[in-house]
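Asker: Chains as they are written, first to last, in this note's numbering: chain A, 26 to 327; chain B, 155 to 597; chain C, 4 to 313.
The structure is reproduced here in structure tokens:
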């Protein structure tokens, strides 16, 4: 499977080395190291930082100033006032949206991770006639665009359309394929001898999986959790289709609805963007190292 | 969390009720006895946008003060297509709130009022209703809805100061309008003659939707023919085609702001208020932006009807306010309380709340309410057209069919990537799809 | 229950002692097939069922409560949607442009970030950062930055007396602008996958090449490029699937406009859903399904074959 190759090849590499072997520093190498670095940093400031600084500045302006969309310091700084105002808008709808988005993200990622780890594990460990079929279905799940309106029809039939549980199950399902592929690749790096040892110790299938295998999957678990949590938290299309009423807004929907309010308030809009960027950012700061590690190797496993 | 002011109101009401019960010598605090003091709870469904919610909450609070034995629970739902679908779901599954706030006109008709709503023809406020409004909340002569909010108009908003300075008069034909615009352009190249704001795509529709009163004046049967797919009532044919022609004409004539493709409605309203632009085809509802950002300039703006090619047809297109309805599942005490609530909204006290919480965009559709004396000047312009019998409700109040792609098609027409002819053909196709989906006969 | 394949592995003898236990539970393997069931049930109900039923609903006029069978009417109508041809062309352009750019830029950035570059840690964080921001947020931010008149980008261009294009208001440019923003947002993921691929290359290869006196270009050409091919396949497939199906950034930035100039199949489908044309929208979904599959199968096959050659 191509999607997994990149990852399966990883553990075979030199662990944790992110730079070529050291060689004596010549003037040319020195210039190259710093010159390229400095150019890259300058370009990155323009390309990547300016948009974020822009969000920050806009979030601190007054409505009229923000409406001009200039890249300049606010004439009046009202960062705090905007923050309070965004939170109070529509009777604290943003807070409700944050709670909903957190519930949605945590529940769907939990389901997704456990179920797909089980699948990925089994796909690698047990070779049966089922395997080609399962592989095909996983691939189909990755490629085939979800049939939206029929999904609504199914959800309505189950009485969970426009409810948080319904949305959780849909998000969990749509993330399965990608997660299974990652897990299957990583299970390959766990020696079977470990399974055997556990089985000799009398571990049943459940214990074997949950107490032996799952802890060993930690690096890829973190990668899957972070990637999928960011994806679900930032998902806009899903809630747009499956949570249409205002009773369960998610942060992305409140943001989208914010821009369509008749009286435009760009300062609050950007404050809102800023607010909903914070949770994924915190997640990234915490797991920055592990994401790369999880992507690159099973080397971290103890 | 979002219901906390309501809860407080509910708690207060409960306290008053408890006192009332004690006074009437009722024995049990939680008694459900059928005495006159027993409490009734009704539910009220409205749209979830901020102004509507504020207004609803104020209305409920005042109502509960006046009728302490009734509690009103507020539910909200999104406006637009999503809301339309939810509304139908709730009505067809009999889970609708007792009182609900929804569009009048074609969307109201689509709810099958005869079976889903309570006939309110006998209520005392009906006699005060404006005849146009009465028509858009009635089926077979029975009235089902009471207005909440003001009507609004779709026409050309214009800066009066610029008109005064250049000595321009209100145009009554399209050619005069273009001539005025050219004069504005030559007088000061920095002033935009006509604003367009496709940053908010819906704004592209004004020259077509706002032209309906003119079509209606020429051919009063047009809306019926259009609905029944006969007599060539199509947008490719005149008179309806003129809206597409007008849309296509103004950009190549160099009369439009150069940032028309990205300007937003709010920016356009600001430009108009500040005098950097002279005219803007728009709904008067957008005046709320001016009220928020430049309240001192609100009286610099007036409105006139989108001119027809022929002066005798020029008239103003009106959008009726939404209305309150009672669902047919309501009965007994709840029905009584619901009727009281609807009547309260159209009582002097209810009107006062409407004036305080809603930005007026035009006259009320009932004589029970009147605009405050400090209402913005443009509302008087609207009233004048109505008094002169030169106004008509928009097409959506006369026909259930509106194609979903109109705004997109009109942007393509306005920016020149589609001709008026092709655009009108595309829209007729779009209308056909909608009519078929609705299962309307004749398509 | 097929245990045959399992017996070939060394674990087989060790299963004997606990056979009674697992027999009682009806499971003969330490790897019970029911592990597929939880995921399978979700997949079946929320993915397979809707997908299969869509083939039926695509043939109806549908309001969620009632459906009328109308045969291929929806497909006929779908192909009459204004400017649909453009929607198809746009879908291809968007998919291919974004994935090609992500491959090239992602590889370049990955090379830079796995090398001994000054400020590597900062660069790595900053390149990945856009991945974290929501698509809607990115769309709205760039709409403001690229505003043809007030936006920063055009003001800077104006300062240098360069032409100031209407980035998303010019019908000829809108789609490419959105694609550009998509690349900006997605290149971090591509970079990460490439980095994983590069790090996985055993360092002995590089050392041997250096000893042989190979220059940077030769190292890249003969070692790095062939050995990151699996990573490249991953990037191509993921970004192509994403690009062909996505519409959220397009929706947040242009709503498919101006006019129909940046519509893709997915946004046409959404518009039809929004209008309440459920059958028509589902027919569009079936068409999108066929298009994506028709493109992805050969791509998948091609990339797999190339890998096998290695």
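We put the beta carbon where it would ideally sit given N, CA and C, even for glycine. Because the structure is a prediction, the values reported are computed rather than measured.
(1) Just the Cα atoms here: how many angstroms apart are residue 133 of chain A and residue 184 of chain A?
(2) Closer than 7 Å to a non-hydrogen atom of the ligand SAM - does that hold for the CB of residue 197 of chain C?
(3) CA-CA distance, residue 408 of chain B and residue 362 of chain B?
(4) Using a Cβ-Cβ cut-off of 8 Å, state whether residue 529 of chain B counts as contacting chain C.
(5) Tell me which residues share the same chain as residue 389 of chain B and place their Cβ nearer than 7 Å to its Cβ, disregarding the 5 neighbours each side in the sequence.
(6) Given that residue 80 of chain C touches chain B, what residues does it touch there, using C-beta distances under 7 Å?
(7) Count the other CB atoms within 10 Å of the CB of residue 170 of chain C; is the residue buried (16 or more) or exposed (fewer)?
(8) Could you please tell me which residues of the segment 77-94 of chain A, in chain order, have their CB closer than 8 Å to any CB of chain B?
(9) Could you spell out the range, first to last residue, of the beta strand (DSSP E) harbouring residue 255 of chain B?
(10) Determine contact between the segment 256-263 of chain B and the segment 290-308 of chain B, defined as no fewer than three beta-carbon pairs at a distance below 8 Å.
(11) Are the C-beta of residue 248 of chain C and some C-beta of chain A separated by less than 8 Å?
(12) Report the start-end ranges of each beta strand (DSSP E) in the segment 33-96 of chain C that is 3 residues or longer and not cut off at the edges.
(13) Counting only Cβ pairs nearer than 9 Å, list the residues of chain C close to residue 582 of chain B.
(14) With the cut-off set at 8 Å, would you say residue 65 of chain A and residue 108 of chain C are in Cβ contact?
(15) Could you give the first and the last residue of the continuous alpha helix (DSSP H) run that contains residue 582 of chain B?
(16) Here's a check: name, in chain order, each residue in its chain whose Cβ is nearer than 8 Å to the Cβ of residue 256 of chain A, leaving out the five neighbours to either side.
(17) Using a cut-off of 8 Å between C-beta atoms, extract the partners of residue 120 of chain C located in chain A.
(18) Going by DSSP in three states, residue 228 of chain B sits in which element: helix, strand or coil?
(19) Which of the residues in the segment 251-268 of chain C, read from start to end, lie with their CB under 8 Å from any CB of chain B?
(20) Kindly give me the distance between the Cβ atoms of residue 311 of chain B and residue 434 of chain B, rounded to whole angstroms, as I take these residues to be in contact under 8 Å.
(21) For residue 428 of chain B, go through chain A and note every residue whose CB falls closer than 7 Å to its CB, in chain order.
(22) Under 8 Å, Cβ to Cβ, is there at least one residue of chain A near residue 125 of chain C?
(23) Would residue 267 of chain C be called buried (16 or more neighbouring beta carbons within 10 Å of its own) or exposed?
(24) Can you tell me the Cα-Cα spacing of residue 206 of chain C and residue 242 of chain A, whole angstroms?
(25) Determine the DSSP secondary structure at residue 108 of chain C, reduced to helix, strand or coil.
(26) Taking Cβ-Cβ distances below 7 Å as the criterion, which residues of the segment 501-520 of chain B are in contact with chain A?
(27) Find the nearest neighbour of residue 356 of chain B within the set B:340, B:308, B:596, judged by alpha-carbon distance.
(28) Rounded to whole angstroms, what is the Cα-Cα separation between residue 192 of chain A and residue 520 of chain B?
(29) Classify residue 481 of chain B as helix, strand or coil using the three-state DSSP reduction.
(30) Between residue 453 of chain B and chain C, is any beta-carbon pair separated by less than 8 Å?
(31) So, does the CB of residue 288 of chain A fall closer than 8 Å to a CB anywhere in chain B?
(32) Does DSSP put residue 231 of chain C in a helix, a strand or coil?
(33) From what residue to what residue does the alpha helix (DSSP H) around residue 347 of chain B run?
(34) When DSSP builds the beta bridges, which residues end up paired with residue 201 of chain B?
(35) Quick check: is the beta carbon of residue 101 of chain A nearer than 8 Å to any beta carbon in chain C?
(36) Below 8 Å, can you find three or more Cβ-Cβ pairs linking the segment 219-232 of chain C to the segment 289-303 of chain C?
Answerer: According to the structure shown:
(1) Computed Cα separation, rounded: 18 Å.
(2) Among the ligands in the structure shown, none appear at all, so the ligand SAM cannot be discussed.
(3) Looking at the two C-alpha atoms, the distance is approximately 20 Å.
(4) Contacts with chain C at 8 Å (Cβ-Cβ) do not include residue 529 of chain B.
(5) Only 395, 398, 578, 581, 582 meet the Cβ criterion.
(6) Counting only Cβ-Cβ distances below 7 Å, residue 80 of chain C has contacts in chain B at 587, in chain order.
(7) By the neighbour-count definition (other C-beta atoms within 10 Å, threshold 16), residue 170 of chain C is a buried residue.
(8) Listed in sequence order: 88, 89, 92.
(9) Note, residue 255 of chain B: beta strand (DSSP E), 253-256.
(10) Counting Cβ pairs under 8 Å, three or more are found: they touch.
(11) Yes, residue 248 of chain C lies at the interface with chain A (some Cβ there is under 8 Å from its Cβ).
(12) Listed in chain order, the complete beta strand (DSSP E) runs (minimum 3 residues) inside the segment 33-96 of chain C are 63-65, 70-72.
(13) The contacting residues do not exist; residue 582 of chain B stays about 11 Å from chain C at best.
(14) Going by beta carbons, residue 65 of chain A and residue 108 of chain C fall outside the 8 Å limit.
(15) Its alpha helix (DSSP H) spans residues 574-592.
(16) Once the five neighbours on either side are set aside, the close Cβ partners of residue 256 of chain A are 200.
(17) 58, 61, 62, 65, listed in chain order.
(18) It is a strand residue.
(19) Listed in chain order, the positions of the segment 251-268 of chain C with a beta carbon within less than 8 Å of a beta carbon of chain B are 258, 259, 260, 261, 262, 263, 264.
(20) The pair is a contact, with the Cβ atoms about 5 Å apart (cut-off 8 Å).
(21) Under the 7 Å cutoff, chain A gives no residues; its nearest Cβ is about 11 Å from residue 428 of chain B.
(22) Answer yes: the Cβ-Cβ gap between residue 125 of chain C and chain A drops below 8 Å somewhere.
(23) With 16 or more other Cβ atoms within 10 Å, it is buried.
(24) Their Cα atoms are separated by approximately 25 Å.
(25) Note: residue 108 of chain C maps to helix in three-state DSSP.
(26) Residues: none.
(27) Comparing Cα-Cα distances from residue 356 of chain B to each of B:340, B:308, B:596, the minimum goes to B:308.
(28) Each residue's Cα considered, the two are about 44 Å apart.
(29) Reduced to three states, the DSSP call for residue 481 of chain B is strand.
(30) No, residue 453 of chain B lies away from the interface with chain C (no Cβ there is under 8 Å from its Cβ).
(31) With a pLDDT of 48 at residue 288 of chain A, under the threshold of 50, the modelled position of that residue is not reliable, and no figure is offered here.
(32) Residue 231 of chain C falls in the coil class under three-state DSSP.
(33) Judged by DSSP secondary structure, residue 347 of chain B falls outside any alpha helix (DSSP H) and instead within the beta strand (DSSP E) spanning 346-348.
(34) DSSP, once it has assigned bridges, lists B:231 as partnering residue 201 of chain B.
(35) No, its Cβ sits nowhere closer than 8 Å to a Cβ of chain C.
(36) Contact between the segment 219-232 of chain C and the segment 289-303 of chain C is absent: fewer than three C-beta pairs spanning the two stretches fall below 8 Å.
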